[in-house]
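Position one of the sequence shown corresponds to residue 18 (my numbering), numbered consecutively onward. Heads up, the beta-carbon is just placed ideally off N, CA and C, and yes, glycines get one too.
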Amino acid sequence: MTVDRRTELGEFLRSRRARLNPTEIGLTDFGGRRRVPGLRREELAMVAGVSVDHYVRLEQGRTLHFSESVLDAVAHALRLNPPEREHLHRLARPWSGPELQATQHVRPGLRLLLDFAADLPAYILGRGTEILAWNALAAALFTDFSTLAPAQRNLARLVFLDEGMRALFEDWQTKAEDIVAYLRLDATRNPGDPTIGALVDELISTAPGFGDMWARHEVRDKTHGRHVFVHPVVGRLDLAYETLRLPDDPDQALIVHTAQPDSPTAAGLRLLAS
């Protein structure tokens, strides 16, 4: 699957309209059956302060040269959060990103950094949720990535298709929804990457639940948060994570998991490291 920006733009806007109703944004709902859920195009255009024709052209993707002011007005009317707003701008403006590098390489200094952070599970995530590098504790927490073929070292593929990874997350559903939303955002950040489209096609056809999640058009960036792991050796681990992006290569992200000092989780990590 190749990301068609016009199709993606229309589907995204319709999905955001569908989650709003007139009363939520101060409009009078006169009742009557609506053919589609949420706001009508005319209502959205009125709230955004743009002409109906202008909004229809945006939703239909007739051109990808909309001004920032129009996109900001539509984003405000749809109550988009920052990642959704970024997603809208990327879909509705001419692509001006850097030329895509076929293969991502992790600098030796970053690999040393992973090794020096031996007390914390850490890994580097690339385009399309590819796992590019990891330290020993990340391998002990998730899986021994070195035993996997390079094509299988992919976080989305493992979360959906690996039974051990599925059992590792106490709240697998939330983890799965997060990674689908991140993968969609990543696909529009890198529209020229065929491996992301191939991954999406594979998961739609083989991973139960993925297609439904993908159809929701949710977009979220990977920043910081918390996951509870149920590890087969050390038991329950309540781990926070932070995401650090490289200034010269934002398509690589260093993910570091941390535990509260002197907590049962910290003790579990020490046991896992041993």
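Could you tell me which of the options sits nearest to residue i, measuring between CA atoms?
i                : options                           : result
leucine 26       : Pro39, Gly285, Ala92 and Ala224   : Ala92
arginine 107     : Pro167, Thr240 and Asn207         : Asn207
threonine 120    : Gln269, Ser291, Phe83 and Ala284  : Gln269
histidine 104    : Leu202, Gln277 and Leu216         : Leu202
alanine 90       : Gly226, Gly66 and His82           : Gly66
arginine 110     : Val87, Arg124, Pro100 and Leu127  : Val87
proline 249      : Leu286, Asp238 and Gly228         : Leu286
phenylalanine 29 : His122, Glu41 and Pro100          : Pro100
serine 291       : Arg57, Leu129 and Ala135          : Ala135
leucine 95       : Gly214, Arg128 and Ala35          : Ala35
valine 245       : Gly214, Pro281, Ile213 and Thr223 : Pro281
threonine 240    : Met230, Leu261, Val247 and Ala224 : Leu261
alanine 215      : Glu147, His122 and Leu97          : Glu147
leucine 129      : Leu271, Leu220, Ala257 and Ala283 : Leu271
In the DSSP assignment, find the unbroken alpha helix (DSSP H) run with residue i in it and report its ends.
i             : result
valine 73     : 69 to 76
glutamate 259 : That residue, glutamate 259, is in no alpha helix (DSSP H); its beta strand (DSSP E) goes 252 to 263.
leucine 185   : 180 to 185
glutamate 219 : 211 to 223
aspartate 229 : 227 to 232
glycine 27    : 22 to 35
glycine 285   : 281 to 290
arginine 58   : 58 to 65
serine 86     : 85 to 94
glutamate 235 : Neither: glutamate 235 is in no alpha helix (DSSP H) and is coded neither H nor E.
For residue i, I'd like the list of residues in its chain whose CB is within less than 6 Å of its CB, leaving aside the five on either flank, ordered along the chain.
i             : result
valine 273    : Leu137, Ala139 and Glu259
arginine 183  : Trp189
glutamate 235 : Ala198
alanine 157   : Leu289
leucine 37    : Gly55 and Leu56
leucine 154   : Pro138 and Ala290
Could you check if residue i is buried or exposed, using at least 16 other CB atoms within 10 Å of its CB as the buried criterion?
i                 : result
glutamate 85      : exposed
alanine 62        : buried
glycine 209       : exposed
phenylalanine 133 : exposed
asparagine 152    : buried
threonine 160     : buried
glycine 228       : exposed
arginine 170      : buried
Could you spell out where the beta strand (DSSP E) holding residue i opens and where it closes?
i             : result
proline 125   : Note, proline 125: premise wrong, no beta strand (DSSP E); alpha helix (DSSP H) at 125 to 133.
histidine 244 : 241 to 248
aspartate 266 : 266 to 275
alanine 168   : Looking at the DSSP string, alanine 168 is not in any beta strand (DSSP E), and its letter there is neither H nor E.
alanine 139   : 139 to 142
alanine 150   : 148 to 151
Excluding the 5 residues preceding and the 5 following residue i in the sequence, name in chain order all residues of the same chain whose CB lies nearer than 7 Å to its CB.
i           : result
arginine 74 : Thr80
leucine 172 : Leu142, Thr146, Ile148 and Ile196
Excluding five sequence neighbours on each side, which residues of the same chain lie with their C-beta closer than 8 Å to the C-beta of residue i?
i           : result
glycine 226 : Phe177 and Ala193
tyrosine 72 : Arg58, Leu61, Ala62, Ala65 and Val91
Check whether the stretch 178 to 193 touches the stretch 244 to 253, taking contact to mean three or more Cβ pairs, one atom from each stretch, closer than 8 Å. yes
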